[in-house]
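Q: When we follow the working numbering, the leftmost residue of the sequence shown carries the number 931, and every step to the right adds one.
Where is the CB? At the ideal position from N, CA and C, for every residue including glycine.
Treat the numbers as computed from the prediction; the structure is a model and nothing was measured.
Let me give you the structure first, and then I'll get to my questions.
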Amino acid sequence: MLDLYTPGTSMLHRMSPGPKMAALAIAATALFLQESLLVTALAVVAILALYRVANIPMKTALAQIRPLMWIFVIFFAVQWYFSGLTLAAYVVLRLAALILLASLVTLTTRASDMIDSMTRALRLFKPIGVNPDKVSLAISLALRFIPVLGRIATEVREAQKTRGLERSIIAVAMPLAIRAIKMADDVSDAIESRGYRS
């Protein structure tokens, strides 16, 4: 259910999951360390270019962030009010870049390959009590959580729209929160059912 993999033969599809996830971690860290609006905007353009390299339509790329637009609007308004237009644009673009980049990894990587790669890497920490299987599964599911949550948000918004409640933040947020908690419970049950105990 949480595997968002889109089949393809592009360079990104063929790339090993390890380097892709390492690049994701490095890029995400770099985005947080720099504070330039121009650099952040260029990063978004570069990430969208990578979607083209992966032969993933722009429609699919935009679909990763469209369900979260209302969150972007809230973030933008709050940051603009307290810190100014430039910082507001920077914060929203950085968040969009992170979501697009994480989504690109999940769209071009099978869930099983990602879990296997993380499990191998985490075995180095097994002597200090880390359970590689449990941690890698949790991280893999977390990478998929935001795009799936976005799709749930779209479903909830459409359902509330038919009731004339699409303008009510509470009417949209409460069902979304409940479904997110239910998903978290399902993930926890799945981890425990596989015997991944700490």
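DSSP three-state call for glutamine 994: helix, strand or coil?
A: Residue state, collapsed to three classes: coil.
Q: Determine the direct distance from the alpha carbon of tyrosine 1011 to that of threonine 939, and round the result to whole angstroms.
A: Straight-line Cα distance between these residues: approximately 46 Å.
Q: Can you give me the Cβ contacts of serine 1047 inside the same chain, cut-off strictly under 6 Å, excluding the 5 residues immediately before and after it?
A: Excluding residues within five positions, the ones whose Cβ falls inside 6 Å are Pro947, Gly948.
Q: Where does threonine 970 sit, in a helix, a strand or coil, going by DSSP?
A: Looking at threonine 970 - three-state DSSP - the assignment turns out to be helix.
Q: Round the Cβ separation of alanine 971 and tyrosine 981 to the nearest angstrom and send it over; I've been treating them as touching at under 8 Å.
A: About 16 Å separates the two Cβ atoms, so there is no contact after all.
Q: Would you call the region 1019-1033 and the region 949-966 in contact, with 3 or more CB pairs under 8 Å?
A: Output reads yes: the region 949-966 touches the region 1019-1033.
Q: Quick check on valine 983: does DSSP put it in helix, strand or coil?
A: In the structure shown, valine 983 sits in a helix (DSSP, three-state: H, G or I).
Q: Please check if any C-beta of chain C sits within less than 9 Å of the C-beta of isoleucine 995.
A: Going by chain labels, chain C is absent from the structure shown, which holds only one protein chain.
Q: Output yes or no for whether 9 Å exceeds the beta carbon distance between leucine 942 and threonine 1036.
A: Taking 9 Å as the Cβ cut-off, leucine 942 and threonine 1036 do not qualify as a contacting pair.
Q: At what residues does the alpha helix (DSSP H) containing lysine 950 begin and finish?
A: First-last of the alpha helix (DSSP H) with lysine 950: 947-963.
Q: Tell me which same chain residues have a C-beta within less than 7 Å of the C-beta of alanine 957, skipping the five on either side of it?
A: Taken in chain order, the residues that qualify are Leu1031.
Q: Would valine 1021 and phenylalanine 1006 be called neighbours here (beta carbons separated by less than 9 Å)?
A: Yes, they are a contact pair.
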